[in-house]
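With the first letter of the sequence shown counted as 1, position 441 gets the number 440 in numbering that gives the first Met the number 0; the numbers rise by one all the way through. Note that the Cβ used here is the ideal one computed from N, Cα and C, for glycine as well. Nothing here was measured: the structure is a model prediction, and the numbers come from that model.
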Amino acid sequence: MNKTLKISLIALVGCLALVGLGAWYASSFINPAQVTKLLSSSVKDATGRELKIAGPVSLSLFPSISVKAEQVSLSNASWASNPDMFVFKQIELDIRILPLLKGSVEISRIGVRGLEANLQTNKAGEGNWNLTPPTIVASGSATQSVTSDSSSNALVSIKTLDVVDARINYQDGEKAASPIGIPKLSLDAGDGKSTILVDVQRANYTLNLKGKTTSLRNAYFAWNQSPVNLDLDLVLTLNGKSLAITGDIDKKPDLLPKFNINLNSKSFDLAPLAGSVVIAGAAGKTSSASTHKVQGKYLFSDDALPFDLLPLADGSVNINIAELGIPHQAPFTNFKTTLQFQKDRIDASDVSFNVGKGSAQAQLSITQFASPAPKVSLKGVAKDFTLEQIIAVTDSGARVSGGDTKLAWNLQGSGVSPHQIASRAIGAIQVSVGQSKLDSKFINKGGDFVITVIDAINPMYKKSNQTTLNCAVAYLPINSGLVNIQNSVGIETDRLDITLAGSINLASEALNISINPREKSGLTTGLDLAGLVKIEGTLQNPQTGVNKAGVVNSAVSIGLGFLTGGISIAAENAKSLATKSQPCKTALHSWSDIYPASK
C-alpha cells in the first residue's frame with residue numbers, strides 16, 4: 000500500500016477515535032434530568048408555555064446527541080378549553096453538542112410520534128398557537144433580551160421536523176372541534192431549500208402535499224426583517240387528483256408581498272373539500288327530501304365567509320385546469336382564469352370554461368375584503384348546453400331529455416355572509432330552458448320551493464313519471480335584496496301556460512308569489528283552483544296560501560255565470576281561445592341587458 004495513503008488512513012482513524020472519545024467524555028457530564036430541565040426552561044423562555052415531561056427520558060450519542068422523552072405536553076393559552084395545546088406520546092430531539100456544553104440548547108431535528116394538537120380560536124379571533132412569550136418589565140429588558148436570543152436559538156436551528164400519527168382538533172370559538180388526521184409530516188431544510196411531505200386525512204378525503212421551496216425556516220425568520228424570495232415547486236393531491244403549484248413570492252420589509260403563482264392540473268376535484276361529518280353521516284339516507292334540507296334560519300347561510308383568509312398582496316394566480324370537479328354539478332372543462340390581487344381587491348376578468356357541450360365566460364370581483372362589509376360582484380353567461388348533458392353526469396337516476404339552456408347573471412352585493420350579500424344584492428339573473436322531458440325525480444331535486452310551486456300548479460304531477468316542458472324562462476331583477484316578479488317567470492308545458500308574479504325578500508327570505516296557470520285548450524269551468532293559490536312562508540320553509548284577489552275574481556266570474564245562464568263562462572272561453580298567452584316570450588328580456596358580451 001502506498002505509504003502516503005497508509006499514513007492518511009491511520010490519521011483518519013486516529014481522528015475518529017479522538018472524536019468518539021471526546022463524545023464519550025462529554026456525555027459523561029450530561030445528565031438527562033438536567034437536559035430536560037434545560038429544555039423546559041428554553042421552551043418557557045421562547046414561547047411562554049410550560050413544557051411537562053411525565054414519562055421516561057433517555058439519551059443517545061450516535062450519530063448525534065439525541066434526547067427521547069415520552070408523555071410530553073405543552074400547556075395551552077389561559078382562555079383555551081383544553082389545558083394542553085400539544086400532547087406527545089413520544090418526542091425525540093437531536094441537539095447540537097457544542098452549544099449544549101456552553102449551557103444553551105440548539106435543536107437540529109424534532110421527531111414526533113403520536114401527536115394530539117388542540118388548536119382553538121377565541122371570540123376575538125386570536126389563535127392559541129400564538130406562542131409569543133410574555134413581555135418583561137423595562138427594568139429587566141436588557142437581561143430578557145439576552146435570554147430571548149439564547150432561547151430562540153433552540154427554534155431557529157431546527158432543520159428537520161418528522162411527525163408520524165398526528166391528530167389535530169380544530170375548534171373555532173365555542174363550536175365543536177373538527178378532527179384532522181396527519182399520518183405523516185416531514186420538513187427537511189438543507190442547501191437553502193425545504194423539502195415538504197404532508198399527508199392529511201379528514202372525513203371523506205385525503206390530501207397529500209409534496210415538493211420543494213426556498214428555505215421556509217429562513218423565510219419565516221426573515222419575513223418583514225429583510226428581503227425574502229420564495230420559490231415554489233409543489234404538488235397537491237386531493238383524493239388521487241393532482242394540482243401542480245409553481246411560482247415565486249417576493250417580500251420586502253414594510254411592503255406588501257408580490258407573487259406570481261401557477262396552478263395547473265389535468266383533473267382536479269373540489270367536491271372532497273365540501274365533505275363534512277354531517278354529509279358523511281347522511282350518506283346512507285335515500286329520502287329525496289333529505290337531500291335539500293338545509294340547517295339554520297336562512298337558505299342563504301348567515302355564517303361568515305373566510306374573507307379574513309384572503310391575503311393583502313400584489314400579484315397574480317394563473318389557473319389552468321383541464322377538468323374541474325364541482326360539488327353536485329357537472330364538471331367544468333378547460334377552466335382558465337387569472338386572479339389579480341391588489342391590496343384588498345381581487346379581480347378575475349377572464350374566467351372561461353366549458354360545461355356539457357356549451358361554454359361560459361364570467362367576471363368576478365371582491366373588494367374591501369378587509370372591511371366589515373366586503374363587496375362582491377359576479378357577472379357572466381353560460382350557453383349552448385342542455386339539461387340532459389348536465390343531469391346525465393350528476394344523476395343517472397333522473398331521466399331528462401333535451402332542454403337547451405342559457406343562463407346570464409349580473410349581481411353585486413356586500414357583506415360577510417351569503418345571507419348579508421343576498422339581502423343587499425342588486426342586478427338580475429335570467430335563465431331559459433327549451434323543449435324537454437323532465438323526470439319527476441329531477442323535479443323533486445329542486446328543493447322545497449320548487450316542489451311547493453309544482454304542487455300548487457298541478458297537485459297530480461306525482462301521479463306521472465314525466466313532464467313535457469315546451470319552454471321555461473325566469474327573469475329575476477333584484478333591487479336591494481328584493482326580487483320583483485311581474486310576469487317575468489313563464490312556463491309552458493304540453494297542457495298548461497303558467498306565469499308567476501309577486502316578490503321574494505332576500506333579507507327575510509319571505510315569499511309572496513301568485514301562480515296563474517291556464518289550460519292550453521282555453522276551455523275552463525270558470526273556477527281555476529291553482530289561480531286561487533299563492534306561495535307564502537320563506538325560501539327555507541315555503542307554504543301554500545290563499546290568493547285573495549283570485550278568490551274575488553273567481554267568485555265574480557262564477558256569480559255572473561249563474562246569473563247569465565253560463566253566457567259569461569262561454570265568453571271567457573272565447574276570449575281565452577282568441578288571445579293565447581305566450582308566457583316564455585313575455586318573460587324573456589334582452590340577454591345583452593344582463594351581460595353585455597352575450598347575444
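- Cα atoms of Glu115 and Ser185: separation of roughly 17 Å, rounded to the nearest angstrom.
- For Asp592, the enclosing alpha helix (DSSP H) has its first and last residue at Trp590 to Ile593.
- Under the three-state reduction of DSSP, Gln419 is assigned to helix.
- Within the same chain, and ignoring the five residues on either side of Lys257 in sequence, the residues whose Cβ sits closer than 6 Å to its Cβ are Asp249, Asp313 and Gly314.
- Distance from Gly172 to Asn223 at the Cβ level is roughly 29 Å; contact not present, criterion being Cβ atoms closer than 8 Å.
- For the pair Thr336 and Val350, the CB atoms are nearer than the 7 Å cut-off.
- By the C-beta density criterion, Ser435 is buried, having at least 16 other C-beta atoms within 10 angstroms.
- For Arg216, there is no enclosing beta strand (DSSP E); the residue is found in the alpha helix (DSSP H) stretching over Leu215 to Ala221.
- Straight-line spacing of the CA atoms in Leu323 and Leu242 works out to 11 Å.
- For Ala53, the closest C-alpha among the options Ile90, Gly379 and Ser41 is that of Ile90.
- Rounded to the nearest whole angstrom, the C-alpha separation of Ser72 and Pro373 is 41 Å.
- Nearest neighbour of Gln70 by Cα position, chosen from Asp83, Ser413 and Gly426, turns out to be Asp83.
- Cα atoms of Ala381 and Ile484: separation of roughly 22 Å, rounded to the nearest angstrom.
- Taking Phe220 as reference, the option from Ile157, Lys533 and Lys183 with the minimal CA-CA separation is Ile157.
- When rounded, the separation of the alpha-carbon atoms in Lys584 and Ala471 is 9 Å.
- Between Ala427 and Asn409, the gap from beta carbon to beta carbon is short of 7 Å.
- Its Cα nearest to that of Ser348, the residue Ser376 stands out among Leu468, Ile490, Ser376 and Pro476.
- With a cutoff of 7 Å on beta-carbon distance, Gln388 and Lys356 are scored as near each other.
- Under the DSSP assignment, Ala361 falls in the beta strand (DSSP E) whose first and last residues are Gly357 to Thr366.
- Leaving aside the five residues that flank Ile425 on each side, the residues in its chain whose CB is nearer than 7 Å to its CB run, in chain order, Gln411, Ile477, Asn478 and Ser479.
- Within the segment 101 to 131, the complete beta strand (DSSP E) runs of at least 3 residues fall at 106 to 120.
- Our two residues, Ile64 and Ile94, have alpha carbons roughly 6 Å apart in a direct line.
- Contact annotation: Leu468 and Thr498 have beta-carbon atoms that are not nearer than 7 Å.
- Cβ-Cβ distances below 7 Å link Leu298 to Glu508, Leu538 and Gln539 in the same chain, with the five nearest sequence neighbours on each side left out; the list follows chain order.
- When the beta-carbon positions are compared, Thr46 and Leu130 come within less than 7 Å of each other.
- About 7 Å separates the beta carbon of Ala361 from that of Lys378, a gap short enough to meet the 8 Å contact definition.
- Excluding the 5 residues flanking it on each side, Asp302 has same chain C-beta neighbours closer than 7 Å at Ser416, in chain order.
- Rounded to whole angstroms, the Cβ separation of Leu231 and Gly246 is 5 Å, and the two are in contact under 8 Å.
- Across the structure, Leu308 and Lys533 are spaced so that their CA atoms are roughly 43 Å apart.
- Per DSSP, the continuous alpha helix (DSSP H) segment holding Pro582 begins and ends at Pro582 to Ala586.
- Sixteen is the threshold: when 16 or more other Cβ atoms of the shown chains lie within 10 Å of the Cβ of Gly402, as they do, the residue is buried.
- In the DSSP assignment, no residue is bridged to Glu49.
- Look at Gln388 here: in three-state DSSP terms it is helix.
- For Thr537, the pairing in a beta bridge is given by DSSP as Ala509.
- For Lys251, no beta strand (DSSP E) run applies, since DSSP gives it neither H nor E.
- In the structure shown, Ile325 falls within a coil segment according to DSSP collapsed to helix, strand and coil.
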